[in-house]
């Protein structure tokens with residue numbers, strides 16, 4: 001049995017949940033607040049970051065990118081089709097490039113600051129970095145999300161999905177990060193119709209349903225978050 | 001023929017050079033200054049980051065982590081021994097975890113700020129982010145390097161190398177990032193004898209020699225940088 005240490009509004013945790021759901025792999029979810037630096041959690045991942053995947057009796061697998069590779073190598077290697085990391089070398093480069101784009105760059109510029117300022121800081125003590133949201137940081141994230149949305153639109157104009165014509169890790173990464181922004185009502189969907197239609201497609205996949213059904217106490221989802229025709 | 005867009009004091013570029021040297025793969029080096037945002041370079045990597053590897057006639061492979069996986073899959077897959085990314089699933093997790101630790105965390109907390117403040121800012125215009133070094137940033141990097149050095153020492157006390165008993169991508173990543181700090185005379189080697197001895201071992205490998213022989217105009221290497229008995 002697999003256990004995932006995660007947080008419902010951590011975009012990288014959502015990415016791993018989507019991968020597991022796509023492959024139909026059962027997982028036990030444990031909500032972790034990494035800023036509390038729980039000793040048992042630090043033993044699993046000294047970097048103190050989410051997500052961390054643990055298979056019974058095995059060493060912990062820390063970090064979204066490493067977990068994705070691990071799932072591909074242990075759970076998906078024998079699949080003939082439906083691989084989220086395609087076989088061909090060129091496609092693997094493009095899928096990994098875009099998955100990293102969202103897990104690193106988009107996270108740094110958009111989804112990380114939005115989740116931190118609007119959600120996580122509420123739960124943190126002052127020593128942990130809590131306090132009122134930093135408005136400069138929010139303003140920068142709201143400006144940055146626009147060019148990322150246009151980038152998605154630009155990619156999807158030349159392909160059916162982000163990294164080619166099939167759904168891959170790239171689509172799941174982008175959708176996972178966007179879904180956190182969307183929960184917070186922070187995605188200016190009217191800026192790019194093509195990006196919006198692509199997200200509507202990914203969002204209607206069965207793998208997304210569990211995420212759309214969750215609500216955090218005290219932080220209601222935006223009106224259209226769970227709406228498939230937003 | 002492979003071409004690597006890189007910078008001599010970019011730690012992630014050094015990581016890829018070490019991998020290529022370990023496998024004995026020839027590469028043409030092109031010095032890129034990513035802050036100039038050269039149009040041809042942005043076409044290779046829209047994220048505008050180093051390094052980028054290009055095989056003749058193939059799409060560009062951007063980013064140290066993706067390049068490492070690419071080299072493993074295209075150049076090293078048939079090797080019986082000497083693989084820098086081992087075969088076993090558990091070992092792969094640990095090697096990737098530590099390679100990411102240095103390429104992400106150490107880069108963010110130590111080698112990135114040191115290279116930016118002490119080297120790259122000299123070449124940048126004010127619009128590109130140039131100017132005098134930020135002393136707060138330097139001070140934080142100099143504080144942070146200590147706990148990373150102790151972490152290396154702690155790992156090597158229980159194993160021969162960072163991620164096990166053989167040299168892997170983890171050692172090359174750590175050594176690549178440390179080598180940039182060492183060039184700048186920023187490694188407090190006397191803080192951890194075990195870490196120092198491990199670095200001396202990695203530094204004496206033939207793959208390291210080309211890096212130790214390079215000097216940047218205007219930025220001399222520290223007295224012990226190229227010294228194998230430092």
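Protein chains in written order, with full-length UniProt numbering: chain A, 1 to 230; chain B, 1 to 230. A virtual CB, placed ideally from N, CA and C, is assigned to each residue, including glycine.
- When the beta-carbon positions are compared, residue 147 (chain A) and residue 178 (chain A) stay at least 9 Å from each other.
- Residue 20 (chain B) is a Cβ neighbour of residue 4 (chain B), given a cutoff of 9 Å.
- Contacts between residue 21 (chain A) and chain B, judged by CB atoms closer than 8 Å, are missing: the closest CB pair is about 22 Å apart.
- By the Cβ test, the region 92-102 of chain B is not in contact with the region 127-136 of chain B, since fewer than three Cβ pairs between them sit closer than 8 Å.
- In the three-state reduction of the DSSP assignment, residue 31 (chain A) falls in the strand class, which pools E and B.
- Interface with chain B (9 Å Cβ-Cβ cutoff): residue 171 (chain A) is excluded.
- In terms of Cβ geometry, residue 118 (chain A) and residue 70 (chain B) do not form a close pair [threshold 9 Å].
- For residue 9 (chain A), the three-state secondary structure derived from DSSP is coil.
- Annotation for residue 221 (chain B): 183 and 215 place their beta carbon closer than 7 Å to its own, counting only its chain and skipping 5 residues before and after.
- Within its own chain, the residues whose Cβ lies closer than 7 Å to the Cβ of residue 29 (chain A), once the five positions on either side in sequence are excluded, are 4 and 6, listed in chain order.
- The beta carbon of residue 171 (chain A) sits closer than 6 Å to the beta carbons of 161, 162 and 202 from its chain, once the five residues preceding and following it are set aside; these are given in chain order.
- Excluding sequence positions up to five before and after residue 176 (chain B), its CB lies within less than 7 Å of the CB of 11, 14, 15 and 18, all in the same chain and listed in chain order.
- Cα atoms of residue 68 (chain A) and residue 61 (chain A): separation of roughly 10 Å, rounded to the nearest angstrom.
- No Cβ of chain B is located within less than 9 Å of the beta carbon of residue 152 (chain A).
- When C-beta distances to chain A are compared with 9 Å, the residues of the region 91-116 of chain B below that value are 92, 93, 94, 96, 97, 100, 101, 104 and 105, in chain order.
- At least one beta carbon of chain B lies nearer than 9 Å to the beta carbon of residue 74 (chain A).
- In the three-state DSSP reduction, residue 187 (chain B) falls in the coil class, being neither helix nor strand.
- Of the residues B:136, B:32 and B:125, the one whose Cα lies closest to the Cα of residue 109 (chain B) is B:136.
- When the five nearest sequence neighbours on each side are left out, the beta carbons in the same chain lying within less than 7 Å of the beta carbon of residue 111 (chain B) are those of 11, 177, 180 and 181, in order along the chain.
- Non-local C-beta neighbours of residue 25 (chain A) in its own chain, meaning closer than 7 Å and more than five positions away in sequence, comprise 2 and 75, ordered along the chain.
- Legend: CB atoms of the region 79-91 of chain A lying less than 7 Å from CB atoms of chain B belong to residues 89 and 90.
- Of the candidates A:142, A:78 and A:58, the residue whose Cα lies closest to the Cα of residue 186 (chain A) is A:142.
- In the three-state DSSP reduction, residue 125 (chain A) falls in the coil class, being neither helix nor strand.
- Listed along the chain, the chain A residues whose CB falls inside 7 Å of the CB of residue 47 (chain B) are 101 and 105.
- Here residue 192 (chain A) is buried. Its C-beta has 16 or more other C-beta atoms within 10 Å.
- When DSSP states are grouped into helix, strand and coil, residue 55 (chain B) belongs to the strand group.
- Of the candidates B:63, B:57 and B:113, the residue whose Cα lies closest to the Cα of residue 46 (chain B) is B:63.
- With respect to the 9 Å criterion, residue 226 (chain B) and residue 212 (chain B) are classified as neighbours on the basis of their beta carbons.
- The Cβ atoms of residue 204 (chain B) and residue 228 (chain B) sit closer than 9 Å to each other.
- In this structure residue 149 (chain B) is buried. Its beta-carbon is surrounded by 16 or more other beta-carbon atoms within 10 angstroms.
- Within the same chain, 119 come within 7 Å of residue 219 (chain A) by CB-CB distance, once the 5 residues on both sides are set aside.
- When A:53, A:33 and A:35 are compared, the shortest CA-CA separation from residue 66 (chain A) is found for A:53.
- Excluding residues up to 5 positions away in sequence, 109 and 113 lie with their Cβ nearer than 8 Å to the Cβ of residue 140 (chain B) in the same chain.
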